[in-house]
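Participant: Okay, handing you the structure first.
Number of protein chains: 2
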Amino acid sequence: MKLKPKYFDDFHVGDCFETEPNFISKDEIIDFASKYDPQTFHLDEDAAKNGPFGRLTSSGFMTLGKSFTQIFNTNVFNGSSMGAWGLDELRWTKPVYPGDTLKTQVEVLEKKLSSKNPIKGTVRLKQTVFNQNEDVVMTWISNSMIKVKV
Amino acid sequence: MKLKPKYFDDFHVGDCFETEPNFISKDEIIDFASKYDPQTFHLDEDAAKNGPFGRLTSSGFMTLGKSFTQIFNTNVFNGSSMGAWGLDELRWTKPVYPGDTLKTQVEVLEKKLSSKNPIKGTVRLKQTVFNQNEDVVMTWISNSMIKVKV
């Protein structure tokens, strides 16, 4: 589901939108972990049986990248994103397992025009990531720099 | 530089340690971006010239995964990590470019034994990531679950 690209002017506090779902595979979990989070419970199915979750789980950093990419793929930032300056209050609330299907809901929390350079502003977004059982597996807040419409 | 693995008991507020440095390559930036952050300024050298940083930059999510892996590779969490429940106040303070070399300094901010399950506790760590010019490129706080020594 592609959305219309949004500029700073188009974001309104309280607005919500949702991404398409994405499948999480065992191979992707292991590949990501080998490069960016080599803890045994993200890397090795057998060793994960004795780990804190009793089985293989996705790196929380991978879940974060997947969630961001879902949002990006809605098209909402197409041509307007200038990157982000930070994240706040990221919480991993339930493990993500191979075979899960995740989707992200986004809510506009706040917006603030840059006082230094008013061609852009910060849009503060709250993300809630659900699995196929509608359990919340992660929440996170992003502070994105978005161009003003010209 | 391998450190002695630390259990919950071994972390003390105010303690600091530092990781080995790591090189950031153009190929890795593009490969990561293609999967987890497909914004043109992380994905395409030519398009990035017209982007917010004037050249190709690392996805902040990749910088985060690299920083975590540096810490993991010190050995400090070896056998004691039970994952993390969240991150706070992540800030991307300067862009990370192909060819940069990053290292992470870690400071113990706080520790709290679990009241529900006192075989583990939260250790709150502040990470500061530097490039080869000693510029701070990222800071982040992690809330890690660490086993108590048995």
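Residue numbers (our numbering), protein chains in the order written: chain A, 1 to 150; chain B, 151 to 300. Backbone N, C-alpha and C define an ideal beta-carbon position, used for all residues, glycine too.
With 9 Å set as the bound, which would you pick, yes or no: does the beta-carbon of Gln127 of chain A sit closer than that to a beta-carbon of chain B?
Facilitator: Output row for Gln127 of chain A: interface = no.
Participant: Mark Lys120 of chain A as exposed unless 16 or more other C-beta atoms lie within 10 angstroms of its C-beta, in which case mark it buried.
Facilitator: Looking at its Cβ environment, which holds 16 or more other Cβ atoms inside 10 Å, Lys120 of chain A is buried.
Participant: Give me the residue from B:Ser184, B:Lys276 and B:Phe161 with the minimum Cα distance to Ser292 of chain B.
Facilitator: Answer by Cα proximity: B:Lys276.
Participant: If you reduce the DSSP assignment to three classes, tell me which class Thr128 of chain A lands in.
Facilitator: Looking at Thr128 of chain A - three-state DSSP - the assignment turns out to be strand.
Participant: Any C-beta of chain A within less than 9 Å: which residues of the region 201-222 of chain B qualify?
Facilitator: The region 201-222 of chain B vs chain A, Cβ under 9 Å: Gly201, Pro202, Phe203, Thr207, Ser209, Gly210, Phe211, Met212, Leu214, Gly215, Lys216, Phe218, Thr219 and Phe222.
Participant: Hey, does Arg241 of chain B have any beta-carbon neighbour from chain A nearer than 9 Å?
Facilitator: Yes, Arg241 of chain B counts as interfacial toward chain A.
Participant: Identify the contact partners of Gln132 of chain A in chain B, using a Cβ-Cβ distance below 7 Å as the criterion.
Facilitator: By Cβ distance, chain B contributes nothing, its closest Cβ being about 21 Å from Gln132 of chain A, past 7 Å.
Participant: Nearest by alpha-carbon distance to Pro268 of chain B: which of B:Val279, B:Trp290, B:Lys297 and B:Trp242 is it?
Facilitator: Of B:Val279, B:Trp290, B:Lys297 and B:Trp242, the residue nearest in Cα terms is B:Lys297.
Participant: What residues of chain A sit near Ala234 of chain B, judged by a beta carbon separation below 8 Å?
Facilitator: Here the neighbours are Gly60 and Trp92.
Participant: I want to verify the contact list: residues of chain B whose CB lies under 7 Å from the CB of Ser81 of chain A, in sequence order.
Facilitator: Ordered by position in chain B, the residues that pass the 7 Å Cβ test against Ser81 of chain A are Gln189.
Participant: Quick one, are the C-beta atoms of Ser59 of chain A and Phe23 of chain A less than 9 Å apart?
Facilitator: Not a contact, by the Cβ cut-off of 9 Å.
Participant: Suppose the cutoff is 6 Å on Cβ atoms and the five residues either side in sequence are ignored; what does the same chain contact list for Ala48 of chain A look like?
Facilitator: Within the same chain, Ala48 of chain A has close Cβ partners Phe41, Arg55 and Leu56.
Participant: Suppose you measure from the CA of Val123 of chain A to the CA of Asn281 of chain B; what does that come to, to the nearest Å?
Facilitator: Distance between the alpha carbons of Val123 of chain A and Asn281 of chain B is about 28 Å.
Participant: In the DSSP assignment, what residue or residues form a beta bridge with Asn172 of chain B?
Facilitator: In DSSP, Asn172 of chain B forms a bridge with B:Leu252.
Participant: Taking only three categories from DSSP, how would you classify Ile291 of chain B?
Facilitator: Ile291 of chain B falls in the strand class under three-state DSSP.
Participant: Express the C-alpha separation of Leu237 of chain B and Leu3 of chain A in angstroms, rounding to a whole number.
Facilitator: Roughly 29 Å separates the two Cα atoms.
Participant: May I ask you to verify whether the region 240-250 of chain B touches the region 74-86 of chain A, counting CB pairs closer than 8 Å and requiring at least 3?
Facilitator: Touching, yes, given that three or more Cβ pairs across the two stretches are closer than 8 Å.
Participant: Is it the case that the CB of Glu257 of chain B approaches a heavy atom of the ligand NAP more closely than 8 Å?
Facilitator: Although the ligand NAP was asked about, the structure shown includes no ligands whatsoever.
Participant: Please classify Met1 of chain A as buried or exposed, where buried requires at least 16 neighbouring CB atoms within 10 angstroms.
Facilitator: With fewer than 16 other Cβ atoms within 10 Å, it is exposed.
Participant: Against chain A, with Cβ distances strictly below 9 Å, would Ser165 of chain B count as a contact?
Facilitator: According to the sequence displayed, residue 165 of chain B carries Asp and not Ser. No, Asp165 of chain B lies away from the interface with chain A (no Cβ there is under 9 Å from its Cβ).
Participant: Taking 7 Å as the limit between beta carbons, can you name the residues of its chain near Asp250 of chain B, skipping five residues before and five after?
Facilitator: For Asp250 of chain B, where only same-chain residues beyond five positions count, the Cβ hits under 7 Å are Ile174, Asn281 and Gln282.
Participant: Kindly give me the distance between the Cβ atoms of Thr74 of chain A and Phe8 of chain A, rounded to whole angstroms, as I take these residues to be in contact under 8 Å.
Facilitator: That pair is no contact at about 17 Å.
Participant: Checking the sheet assignment: what are the DSSP bridge partners for Ser231 of chain B?
Facilitator: B:Ile296.
Participant: Identify every run of the beta strand (DSSP E) within the region 188-242 of chain B, keeping only runs that are complete inside it and at least 3 residues long; order them along the chain.
Facilitator: Qualifying beta strand (DSSP E) stretches, in chain order: 231-242.
Participant: According to DSSP, is Glu178 of chain B helix, strand or coil?
Facilitator: Glu178 of chain B falls in the helix class under three-state DSSP.
Participant: Could you check which residue in A:Phe11, A:Ser144, A:Gly79 and A:Phe68 has the C-alpha nearest to that of Lys185 of chain B?
Facilitator: Looking at the Cα atoms, A:Phe68 is the closest of the given residues.
Participant: With distances taken between CB atoms, is the gap from Phe222 of chain B to Lys156 of chain B smaller than 9 Å?
Facilitator: No. Outside cutoff.
Participant: Do you know offhand how far Tyr97 of chain A's Cα is from Lys26 of chain A's?
Facilitator: If I take the Cα positions, the gap works out to 8 Å.
Participant: Using a cut-off of 8 Å between C-beta atoms, extract the partners of Asp238 of chain B located in chain A.
Facilitator: Asp88, Glu89 and Leu90, listed in chain order.
Participant: Just how far apart, CA to CA, sit Gln105 of chain A and Glu20 of chain A?
Facilitator: When rounded, the distance between both Cα atoms is 10 Å.
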